[in-house]
Amino acid sequence: MEFRVLGPIEIRTEEQTVLLDGKKPKTILAALLLENGRVVSDSRLRDMTWGPRQPATVDQQLYGYVSRLRKLVGPGASITRRKPGYSLSLHDSLLDSTEFGRLAGLGYRELRANRHESATRHLSAALALWRGPALEDVTDFLSQNELPHLEEARMAAVEGRIEADLALGRHQELIGELTNLVEAHPGRERLRAQLMTALFRSDRQADALTEYHRGRAFLSEELGVDPSSALNSVFQAILAGDPNISAPSASARRIHVRSHADFVPRMLPPDIPDFVGREEQRSELKAHLGAHTGKVAPIVVTGMGGIGKSTLAVSAAWSSHDRFPDGQLYMDLGGTEAPKDPYHVMGLFLQALGEPGHLAFSSMDERVQLYRSLLAGRRTLVLLDNASDERQVRPLLPSASGSSVVITGRSGFNTLEGAHAVHAAPLRLDTSLSLLAGVAGAGRVTAEPNAACGLAAMSGGLPLALRAIAGRLTAKPHWSLAKLEGRLLHGPHPPLDELCTANIDLRASVRASYSPLSPQAKTALRMLSLLPVPDIPVSLAARALEISRPEAEDALEELVDARLLQARKPTAEVWLRYRMHPVVRMFAVEQAEAQDSADAWRDVVGRTAGSWHRYTQKSGAEALRGVPGPDPVRDHRLRRPVRDVPGLARPLREARSSGWDLAASAFARMVAVHPCLSEAYEAVLTLSPFS
Numbered sequence: 092m093e094f095r096v097l098g099p100i101e102i103r104t105e106e107q108t109v110l111l112d113g114k115k116p117k118t119i120l121a122a123l124l125l126e127n128g129r130v131v132s133d134s135r136l137r138d139m140t141w142g143p144r145q146p147a148t149v150d151q152q153l154y155g156y157v158s159r160l161r162k163l164v165g166p167g168a169s170i171t172r173r174k175p176g177y178s179l180s181l182h183d184s185l186l187d188s189t190e191f192g193r194l195a196g197l198g199y200r201e202l203r204a205n206r207h208e209s210a211t212r213h214l215s216a217a218l219a220l221w222r223g224p225a226l227e228d229v230t231d232f233l234s235q236n237e238l239p240h241l242e243e244a245r246m247a248a249v250e251g252r253i254e255a256d257l258a259l260g261r262h263q264e265l266i267g268e269l270t271n272l273v274e275a276h277p278g279r280e281r282l283r284a285q286l287m288t289a290l291f292r293s294d295r296q297a298d299a300l301t302e303y304h305r306g307r308a309f310l311s312e313e314l315g316v317d318p319s320s321a322l323n324s325v326f327q328a329i330l331a332g333d334p335n336i337s338a339p340s341a342s343a344r345r346i347h348v349r350s351h352a353d354f355v356p357r358m359l360p361p362d363i364p365d366f367v368g369r370e371e372q373r374s375e376l377k378a379h380l381g382a383h384t385g386k387v388a389p390i391v392v393t394g395m396g397g398i399g400k401s402t403l404a405v406s407a408a409w410s411s412h413d414r415f416p417d418g419q420l421y422m423d424l425g426g427t428e429a430p431k432d433p434y435h436v437m438g439l440f441l442q443a444l445g446e447p448g449h450l451a452f453s454s455m456d457e458r459v460q461l462y463r464s465l466l467a468g469r470r471t472l473v474l475l476d477n478a479s480d481e482r483q484v485r486p487l488l489p490s491a492s493g494s495s496v497v498i499t500g501r502s503g504f505n506t507l508e509g510a511h512a513v514h515a516a517p518l519r520l521d522t523s524l525s526l527l528a529g530v531a532g533a534g535r536v537t538a539e540p541n542a543a544c545g546l547a548a549m550s551g552g553l554p555l556a557l558r559a560i561a562g563r564l565t566a567k568p569h570w571s572l573a574k575l576e577g578r579l580l581h582g583p584h585p586p587l588d589e590l591c592t593a594n595i596d597l598r599a600s601v602r603a604s605y606s607p608l609s610p611q612a613k614t615a616l617r618m619l620s621l622l623p624v625p626d627i628p629v630s631l632a633a634r635a636l637e638i639s640r641p642e643a644e645d646a647l648e649e650l651v652d653a654r655l656l657q658a659r660k661p662t663a664e665v666w667l668r669y670r671m672h673p674v675v676r677m678f679a680v681e682q683a684e685a686q687d688s689a690d691a692w693r694d695v696v697g698r699t700a701g702s703w704h705r706y707t708q709k710s711g712a713e714a715l716r717g718v719p720g721p722d723p724v725r726d727h728r729l730r731r732p733v734r735d736v737p738g739l740a741r742p743l744r745e746a747r748s749s750g751w752d753l754a755a756s757a758f759a760r761m762v763a764v765h766p767c768l769s770e771a772y773e774a775v776l777t778l779s780p781f782s
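First residue of the sequence shown: 92, per the working numbering; consecutive thereafter.
1. For Pro-318, count the other beta carbons within 10 Å of its own beta carbon; 16 or more makes it buried, fewer makes it exposed. Which is it?
2. Does the contact criterion of 3 or more C-beta pairs under 8 Å hold for the region 323-342 versus the region 369-382?
3. Hey, Pro-486 and Met-437 are a contact pair by Cβ (cut 8 Å); roughly how many whole angstroms apart?
4. Helix, strand or coil: which one does DSSP assign to Asn-477?
5. Should His-569 go down as buried or exposed, given a rule of 16 or more other Cβ atoms within 10 Å for buried?
6. Would you say Leu-507 and Glu-481 are within 8 Å of each other, going by their C-beta atoms?
7. Where do the N-terminal and C-terminal ends of the alpha helix (DSSP H) with Pro-389 fall, by residue?
8. Going by C-alpha distance, which of Cys-544, Ala-556, Ser-490, Val-459 is nearest Thr-592?
9. In terms of residues, what are the limits of the beta strand (DSSP E) holding His-511?
10. Are Leu-272 and Phe-191 closer than 8 Å when you measure CB to CB?
11. Taking C-alpha atoms, which residue in Ala-646, Pro-625, Pro-586, Ser-639 lies nearest to Ser-609?
12. Using the beta-carbon count (16 or more within 10 Å), is His-213 buried or exposed?
13. Buried or exposed for Asp-752, going by 16 or more other Cβ atoms inside 10 Å?
14. With distances taken between CB atoms, is the gap from Phe-504 to Tyr-605 smaller than 8 Å?
15. Since Thr-140 and Lys-115 should fall inside the 8 Å C-beta cutoff, what is the C-beta to C-beta distance between them, to a whole number of angstroms?
16. Please identify the residue among Ala-328, Pro-673, Ile-627, Leu-656 whose C-alpha is closest to the C-alpha of Leu-667.
17. Since I believe Gly-426 is in contact with Ser-479 (beta carbons under 8 Å), could you give me their beta-carbon distance rounded to a whole number of angstroms?
18. CA-CA distance, Val-695 and Leu-359?
19. Count the other CB atoms within 10 Å of the CB of Glu-105; is the residue buried (16 or more) or exposed (fewer)?
20. Given a threshold of 16 other Cβ atoms within 10 Å of its Cβ, counted over all protein chains shown, does Ser-600 qualify as buried or as exposed?
21. Which value, in whole angstroms, describes the spacing of the CA atoms of Ser-324 and Leu-286?
22. Using DSSP with H/G/I as helix, E/B as strand and the rest coil, what is Ser-132?
23. Tell me which residues share the same chain as Ala-643 and place their Cβ nearer than 7 Å to its Cβ, disregarding the 5 neighbours each side in the sequence.
24. Of all the options Gly-394, Leu-616, Asp-413, which has the alpha carbon lying nearest to the alpha carbon of Asp-650?
25. Helix, strand or coil for Gly-500 per DSSP?
26. Just to confirm before moving on: does the CB-CB distance between Leu-518 and Leu-527 stay below 8 Å?
27. Contact defined as beta carbons within less than 8 Å: I believe Leu-461 pairs with Leu-441. What is the distance between those atoms, to the nearest angstrom?
28. In the DSSP assignment, what residue or residues form a beta bridge with Ala-658?
29. Which one of Arg-95, Thr-499, Ile-398 has the shortest CA to CA distance from Leu-125?
30. Here's a check: name, in chain order, each residue in its chain whose Cβ is nearer than 7 Å to the Cβ of Val-484, leaving out the five neighbours to either side.
31. Going by DSSP, which residues form a beta bridge with Thr-171?
32. With a Cβ-Cβ cutoff of 8 Å, do Gly-509 and Lys-386 count as a contact?
33. Scan the region 238-318 and note each continuous alpha helix (DSSP H) run of 4 residues or more that stays entirely inside, going in chain order.
34. Given a cut-off of 8 Å, decide if Gly-128 and Ser-180 are closer than it, judged by their beta-carbon atoms.
35. Suppose the cutoff is 8 Å on Cβ atoms and the five residues either side in sequence are ignored; what does the same chain contact list for Val-149 look like?
36. For Phe-366, which three-state DSSP category applies?
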């Protein structure tokens, strides 16, 4: 049996092609096949098949598709349930992408040994396995994630086969093919160098030089970089009439002794022109990037989703890139929602480092050893962006000093040896206003300072939210800032819908941290989002959720680890408290409205207000008549320091609006003992039946 992914997804037996109907089963099969027997998690299969908008029955549908695929793959393969997902074992069956890698690897080995006929034969056989664009009929979610590295592997094989053909003196036959390839891939300098070589050997020196200038213009105008040393070397050789480039045999020798040092990867994404704030953290990053301690000590930038971790890391990397003359490696690792396999990432890094034979190294250990050998003695910056956890990044860490590593991620790097942590916190109000003014226009912000401050407060200093707000204002130049503020507060659409743009989805950003939570932590986030208090102590959470204090603390700490709550250190006056970010609250309220009943909300509010009523039980001296409580509370208990002043009044107002009579009596005696509770006292007066 043969499985095919290098074109339309197919299963072939000796007699027939097994029909697969629909993109979803093909996507699930392809995702399992591409992992070569490794486990693919349920969450990844869901994300690659349905994307961010998943139906309520997604788990049942996934199970159904896997059951159908088990029957279709027959005895040639087996799909096994292995937590947290599924794996596919091929037994004696063939997978075309694996066979492609095997043949290409043989071709590269022959190429390095200057056995060009054999190299051409193996590489041509590998390329013949492609029946069109890979993963042709899967979902865009899987295609966008997996197709780039498959296409890169194909192009590397094409370049290797052309190199062998040039060495065999077939330059004239290659000109047409190379012209089309360079037009389709103008940024691939190796192809352009090969075209220049073929033209020069065909007595077309002027055309070869013109091709160089075309490439230089493209690189400068589109990418802002200069041609590589390899392309410049071919250009200079043509100008000088170097015999090494004129004769195929000499050229072959020159090409194959070329050092890996000739390959200088420049993979950083563009710098951010409107970067504001974080000067202290940026300076800290630069200082550590410039330090040469003799060891590889990763720098880990952590923080909640949308806080600007990637922006901070990329900005610091650009400002320090001259310290790494041997290049910069970069990869977006996909986060927790779509984590990339380090095996494939390693392949892309090896290609960038000039190792075309990486496909011959089939095991992860072999790739890691080759990768670390290539980086040894080099000063290279490795930026691993949006990492999911330590297991994903460990294989990608260099082993020798000289190189530096920056990792960005939400959490999960606490035990990474020698790591230096940089926490990205929300922006201050003045910095938030500067970012808003820089994107939406300084004049609009200056004209409506109150509305601008209101919008900045709603963002909670989250750069992604600020950019969403600024993007909304830019798209609606006829809107005032006050109008957008009003729509977010009282508009017809949920706030996260208002702030959803073509490139920014705040809801998806928070969902990525919410989805992996335990059921108890999810419930805690939803229910606590309904409480109109700025900070939540453990005791309040326990009462509101009707769970024990240890259970409440576990749930709250899980939310802190997921960067959905912020822990505020205790002082002599204030207990340890947990604060919910405004954007997280927007998301959690949406989830509560969708999943929890109004009765559940009323119960939470009632228990919250009732938790304070216990301090006024059976005193006999209550200024207001209220609902009696079960147990008396002694004066010496009441006279203990009150640490939750900010959290007292708001629950009372909410309780009264919900019809809770106990709100009126909750603070009469407390105020007598603690006159500082003025806000709470005012709340009691407004709630009193006598006011």
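A virtual CB, placed ideally from N, CA and C, is assigned to each residue, including glycine.
Looking at the atomic coordinates:
1. What you label residue 318 is simply residue 227 of the sequence shown in a count that begins at 1. If you draw a 10 Å sphere on the C-beta of Pro-318, you find 16 or more other C-beta atoms in it, and that means buried.
2. No contact exists between the region 323-342 and the region 369-382.
3. Position 395 of the sequence shown, counted from the first residue, corresponds to residue 486. Position 346 of the sequence shown, counted from the first residue, corresponds to residue 437. Sure, about 7 Å apart at Cβ, within 8 Å.
4. To locate residue 477, count along the sequence shown from 1; it is residue 386. Per DSSP, reduced to three states, the secondary structure at Asn-477 is strand.
5. For the purposes of this step, residue 569 is taken as the residue at position 478 of the sequence shown. When all chains shown are included, His-569 counts as exposed.
6. Here the question's residue 507 lines up with position 416 in the sequence shown. Here the question's residue 481 lines up with position 390 in the sequence shown. Yes. Within cutoff.
7. Mapped onto the sequence shown, residue 389 falls at position 298. Where Pro-389 is concerned, there is no enclosing alpha helix (DSSP H), because DSSP gives it neither an H nor an E.
8. In the sequence shown, the residue the question calls residue 592 occupies position 501. When each option's Cα is compared against that of Thr-592, the closest is Ala-556.
9. If you number the sequence shown from 1, residue 511 lands on position 420. Residue range 511-514 is occupied by the beta strand (DSSP E) that includes His-511.
10. Start at 1 with the first residue of the sequence shown, and residue 272 comes out as number 181. Start at 1 with the first residue of the sequence shown, and residue 191 comes out as number 100. In this structure, Phe-191 does not lie closer than 8 Å to Leu-272 by Cβ.
11. Counting from 1 along the sequence shown, the entry for residue 609 is found at position 518. Ranked by Cα distance from Ser-609, the first of Ala-646, Pro-625, Pro-586, Ser-639 is Ala-646.
12. As a working mapping, residue 213 is identified with position 122 in the sequence shown. So His-213 ends up on the buried side.
13. Here residue 752 refers to the residue found at position 661 of the sequence shown. Any reading at Asp-752 is ruled out, since the residue's pLDDT is 48, under 50, leaving its predicted position unreliable.
14. By 1-based counting over the sequence shown, the position of residue 504 is 413. By 1-based counting over the sequence shown, the position of residue 605 is 514. Inclusion of Phe-504 and Tyr-605 in the CB contact set at 8 Å is not warranted, their separation being larger than that value.
15. Taking the sequence shown and counting its residues from 1, one reaches residue 140 at position 49. Taking the sequence shown and counting its residues from 1, one reaches residue 115 at position 24. Right, their Cβ atoms sit about 5 Å apart.
16. In the sequence shown, the residue the question calls residue 667 occupies position 576. Residue Ile-627 is the option with its Cα nearest to Leu-667.
17. One-based indexing of the sequence shown puts residue 479 at position 388. One-based indexing of the sequence shown puts residue 426 at position 335. A Cβ-Cβ separation of about 6 Å places Ser-479 in contact with Gly-426 under the 8 Å criterion.
18. Position 604 of the sequence shown, counting from 1, holds the residue named residue 695. Position 268 of the sequence shown, counting from 1, holds the residue named residue 359. Between the C-alpha atoms of Val-695 and Leu-359 there is a straight-line separation of about 48 Å.
19. Counting from 1 along the sequence shown, the entry for residue 105 is found at position 14. Exposed.
20. Translated into positions along the sequence shown, residue 600 becomes position 509. In this structure Ser-600 is buried. Its beta-carbon is surrounded by 16 or more other beta-carbon atoms within 10 angstroms.
21. Locating residue 324 in the sequence shown gives position 233, counting from the first residue. Locating residue 286 in the sequence shown gives position 195, counting from the first residue. One Cα belongs to Ser-324, the other to Leu-286, and the distance between them is close to 14 Å.
22. Numbered from its first residue, the sequence shown carries residue 132 at position 41. Here Ser-132 sits in strand by DSSP.
23. One-based indexing of the sequence shown puts residue 643 at position 552. Only Val-629, Ala-632, Ala-633, Leu-636 meet the Cβ criterion.
24. The residue you call residue 650 lines up with position 559 of the sequence shown. Looking at the sequence shown, residue 650 is not Asp but Leu. Nearest in C-alpha terms to Leu-650, of all of Gly-394, Leu-616, Asp-413, is Leu-616.
25. Along the sequence shown, read from residue 1 onward, the residue named residue 500 stands at position 409. Three-state result, Gly-500: strand.
26. Within the sequence shown, the letter at position 427 stands for residue 518. Within the sequence shown, the letter at position 436 stands for residue 527. No, Cβ-Cβ distance for Leu-518 and Leu-527 is not below 8 Å.
27. Here residue 461 corresponds to residue number 370 of the sequence shown, with the count starting at 1. Here residue 441 corresponds to residue number 350 of the sequence shown, with the count starting at 1. About 6 Å; that satisfies the 8 Å criterion.
28. Position 567 of the sequence shown, counted from the first residue, corresponds to residue 658. Answer is Tyr-669, bridged to Ala-658.
29. Reading the sequence shown from its first residue, position 34 is the one you call residue 125. If you compare the alpha carbons of Arg-95, Thr-499, Ile-398 with that of Leu-125, the shortest gap goes to Arg-95.
30. Taking the sequence shown and counting its residues from 1, one reaches residue 484 at position 393. Only Leu-475, Ala-478, Ile-498 meet the Cβ criterion.
31. Reading the sequence shown from its first residue, position 80 is the one you call residue 171. Its beta-bridge partners are Ser-178.
32. Taking the sequence shown and counting its residues from 1, the one referred to as residue 509 is at position 418. Taking the sequence shown and counting its residues from 1, the one referred to as residue 386 is at position 295. Taking the C-beta atoms as reference points, Lys-386 is found nearer than 8 Å to Gly-509.
33. Runs of the alpha helix (DSSP H) inside the region 238-318: 262-275, 280-292, 296-309.
34. Your numbering for residue 180 matches position 89 in the sequence shown. Your numbering for residue 128 matches position 37 in the sequence shown. Contact check for Ser-180 against Gly-128 passes: the beta carbons are separated by less than 8 Å.
35. Locating residue 149 in the sequence shown gives position 58, counting from the first residue. Excluding positions up to five away in sequence, the list reads Arg-137, Trp-141.
36. Along the sequence shown, read from residue 1 onward, the residue named residue 366 stands at position 275. It is coil, neither helix nor strand.
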